[in-house]
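Student:
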């Protein structure tokens with residue numbers, strides 16, 4: 717199991733200067749503090765990305781529910797369509813719903829309601845379209 721000290725020593729051994737971060741005195745303590753700030757910055761970037769992508773799919777599902785998207789948006793045209801948008805949406809659901817579940821139980825869970833009751837609408841719509849087009853038997857990512 718990876719520990720915080722493993723992460724800090726990895727960055728300290730690789731050299732903070734190579735990553736664009738310089739330490740003031742070059743001591744191990746300063747290198748560890750700098751590497752932790754690199755880790756926190758990258759975590760902040762990931763959270764920002766998750767929010768941006770969630771906002772995008774929220775907008776797509778709201779357009780779908782308002783009937784402002786083409787009828788064949790999810791499934792494409794014809795039997796040989798690639799279902800490109802549906803696969804993209806389902807990949808989002810499979811990867812990002814895990815973050816939502818973890819955040820729900822870490823920050824919001826009060827011991828009475830479970831995640832299924834407060835599941836974001838975008839995941840419901842994506843899953844409904846996935847089943848509607850008969851793709852639920854396909855291999856998941």
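Residue numbers (our numbering): 717 to 857.
Note that CB positions come from ideal geometry on N, CA and C, so glycine has one too.
Quantities reported herein were computed from a predicted structural model and do not represent experimental measurements.
1. Quick check on residue 785: does DSSP put it in helix, strand or coil?
2. Buried or exposed: residue 806, going by 16 or more other Cβ atoms within 10 Å of its Cβ?
3. Determine the DSSP secondary structure at residue 777, reduced to helix, strand or coil.
4. Do you know offhand how far residue 818's Cα is from residue 808's?
5. Within the chosen definition, does the stretch 761-780 reach the stretch 822-834 through at least 3 CB pairs nearer than 8 Å?
6. Rounded to the nearest angstrom, what separates residue 843 and residue 773 at their Cα positions?
7. Rounded to the nearest angstrom, what separates residue 759 and residue 801 at their Cα positions?
8. Whose CA, out of 782, 826, 789 and 784, lies closest to the CA of residue 846?
9. On the CB-based measure, 16 or more other CB atoms within 10 Å of its CB, does residue 841 come out buried or exposed?
10. Please state whether the Cβ-Cβ distance between residue 812 and residue 849 is less than 9 Å.
11. Among 853, 836 and 852, which residue has its Cα nearest to the Cα of residue 767?
12. Please state the DSSP three-state secondary structure of residue 764.
Tutor: So, from the data block:
1. Here residue 785 refers to the residue found at position 69 of the chain shown. Here residue 785 sits in coil by DSSP.
2. Along the chain shown, one-based indexing puts residue 806 at 90. Here residue 806 is buried: its Cβ has 16 or more other Cβ atoms, across all protein chains shown, within 10 Å.
3. For the purposes of this step, residue 777 is identified with residue 61 of the chain shown, where counting begins at 1. Helix at residue 777.
4. One-based indexing of the chain shown puts residue 818 at position 102. One-based indexing of the chain shown puts residue 808 at position 92. Whole-angstrom Cα-Cα distance: 16 Å.
5. no
6. Sequence index remark: in the chain shown, residue 843 carries index 127 (1-based). Sequence index remark: in the chain shown, residue 773 carries index 57 (1-based). Those two C-alpha atoms are separated by around 13 Å.
7. By 1-based counting over the chain shown, the position of residue 759 is 43. By 1-based counting over the chain shown, the position of residue 801 is 85. One C-alpha to the other measures close to 28 Å.
8. What you label residue 846 is simply residue 130 of the chain shown in a count that begins at 1. Of the candidates 782, 826, 789 and 784, the one whose C-alpha sits nearest the C-alpha of residue 846 is 789.
9. Against the chain shown, residue 841 aligns to sequence position 125. It counts as buried.
10. Taking the chain shown and counting its residues from 1, one reaches residue 812 at position 96. Taking the chain shown and counting its residues from 1, one reaches residue 849 at position 133. Not closer than 9 Å, so no.
11. To locate residue 767, count along the chain shown from 1; it is residue 51. Closest option to residue 767, Cα to Cα, is 836.
12. Within the chain shown, numbered from 1, the residue matching residue 764 stands at position 48. Collapsing the DSSP output to three states places residue 764 in a helix.
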